[in-house]
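J.: If you scroll down you'll find the structure; I have some questions about it.
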Ligand code: SF4
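Residue numbers (the working numbering): 2 to 282.
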């Protein structure tokens, strides 16, 4: 016997999935569940936005979470590693947690988004055929090419409607959703502490969300992995401060001369860190 369809809207709270949801409601499309995987790492404005959507649409948003917090996975979780693991060779043998995620090891996506989503959907699968609505914009065709987005039961209404990322933002703004101004600073809104963000996004984080930036510095000091391939958070702090100095002097913040001076500053930072560590021993 054919199972009935269960229509699940994948909702991150960002401009694309918000536009998709609002238009689905306007078009009176069937919605059985709006699913938000909460990493605990959204900007406060994003949590307010999600509450606003819930309040104003009258639809309940199902929030699912991972078994443990991001901090627990990053610093505390006992991870069984192979004996020849590069981490065991490079760092202390008893190092705990995953450390910062990287482009090839997005453990947080798996533990805080994919697994909770799967656990939730698996409960419904014996009884329903899941139809999963994903907010990929019409100008993000490259995302559609990913294997994960080619599943038979996935639907991409924004592509069908021809709505680009810009259209989605405007659509939401026109309906009174502005995320407390988040999209004025950030092109993409995801976890505030994501190491995969661009330098520009991190500049904005430091400038407009100083408390979160301080938290990022603290987490980085405790981390066994470097935040970004080329920078620790402390080095980014040095770089951004230096950029501000140079800008106020009317000097360029890129090019060979800038980078050479920046490297000198990093060398000073490393010396200070090394002597600080020596003192603490
Ligand atoms: S956005 Fe970044 S920090 Fe958040 S889950 Fe994805 S990879 Fe991890």
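Glycine included, each C-beta is placed from N, C-alpha and C at the ideal position. Only a predicted model underlies this, so the values are computations on that prediction, with no experimental measurement involved.
Report back the beta-carbon spacing between residue 235 and residue 270 to the nearest angstrom; my notes put them in contact at under 8 Å.
T.: As a working note, residue 235 is residue 234 in the chain shown. As a working note, residue 270 is residue 269 in the chain shown. Residue 235 to residue 270, Cβ: 6 Å. Contact.
J.: Measure the C-alpha to C-alpha separation of residue 114 and residue 168 and round it to an integer number of angstroms.
T.: On the chain shown, residue 114 is found 113 positions in, with the first residue counted as 1. On the chain shown, residue 168 is found 167 positions in, with the first residue counted as 1. Taking the straight line from one Cα to the other gives about 26 Å.
J.: Would you call the CB atoms of residue 42 and residue 220 closer than 8 Å?
T.: The residue you call residue 42 lines up with position 41 of the chain shown. The residue you call residue 220 lines up with position 219 of the chain shown. No, Cβ-Cβ distance for residue 42 and residue 220 is not below 8 Å.
J.: Whole-angstrom Cβ separation of residue 202 and residue 187, contact assumed at under 8 Å?
T.: Here residue 202 corresponds to residue number 201 of the chain shown, with the count starting at 1. Here residue 187 corresponds to residue number 186 of the chain shown, with the count starting at 1. Between residue 187 and residue 202 the Cβ distance is about 6 Å, and since that is below 8 Å, they are a contact.
J.: Across which residues does DSSP place residue 7 in a beta bridge pair?
T.: Against the chain shown, residue 7 aligns to sequence position 6. 131.
J.: To the nearest angstrom, how far is the alpha carbon of residue 54 from that of residue 266?
T.: Taking the chain shown and counting its residues from 1, the one referred to as residue 54 is at position 53. Taking the chain shown and counting its residues from 1, the one referred to as residue 266 is at position 265. About 46 Å.
J.: Which value, in whole angstroms, describes the spacing of the CA atoms of residue 258 and residue 218?
T.: Position 257 of the chain shown, counted from the start, is the residue given in the question as residue 258. Position 217 of the chain shown, counted from the start, is the residue given in the question as residue 218. In a straight line, the C-alpha of residue 258 is about 27 Å away from that of residue 218.
J.: Got a sec: does ligand 1 put a non-hydrogen atom nearer than 7 Å to the Cβ of residue 64?
T.: In the chain shown, residue 64 corresponds to position 63, counting from 1. Taking 7 Å as the cut-off, the C-beta of residue 64 does not count as close to any heavy atom of ligand 1.
J.: Do the CB positions of residue 63 and residue 32 come within less than 8 Å of each other?
T.: Taking the chain shown and counting its residues from 1, one reaches residue 63 at position 62. Taking the chain shown and counting its residues from 1, one reaches residue 32 at position 31. Taking 8 Å as the cut-off, the Cβ atoms of residue 63 and residue 32 do not count as close.
J.: What residues are listed by DSSP as bridge partners for residue 63?
T.: The residue labelled residue 63 in the question sits at position 62 within the chain shown. Under DSSP, the beta-bridge partners assigned to residue 63 are 36.
J.: In chain order, what residues of the same chain have a beta carbon less than 8 Å from the beta carbon of residue 132, not counting five sequence neighbours either side?
T.: Counted from its first residue, the chain shown places residue 132 at position 131. Here the set comprises 6, 7, 8, 9, 154, 156.
J.: Under the rule that 16 or more other beta-carbon atoms within 10 Å means buried, what is residue 40, buried or exposed?
T.: Along the chain shown, read from residue 1 onward, the residue named residue 40 stands at position 39. Buried is the call here.
J.: Pick helix, strand or coil for residue 163, following the three-state DSSP scheme.
T.: Along the chain shown, read from residue 1 onward, the residue named residue 163 stands at position 162. It is coil, neither helix nor strand.
J.: List the whole-angstrom C-beta distance separating residue 24 from residue 170, where the pair is believed to meet the contact cut-off of C-beta under 8 Å.
T.: Residue 24 sits at position 23 when you count from the first residue of the chain shown. Residue 170 sits at position 169 when you count from the first residue of the chain shown. Wrong, their Cβ atoms sit about 13 Å apart, outside the cutoff.
J.: Would you say residue 34 touches ligand 1, meaning its beta carbon is less than 7 Å from a heavy atom?
T.: Reading the chain shown from its first residue, position 33 is the one you call residue 34. No.
J.: Figure out for me which residue from 51, 27, 143 has the closest Cα to the Cα of residue 11.
T.: Position 10 of the chain shown, counted from the first residue, corresponds to residue 11. Here the closest residue by C-alpha is 51.
J.: So, does the stretch 137–148 touch the stretch 114–129, judging by three or more C-beta pairs under 8 Å?
T.: no
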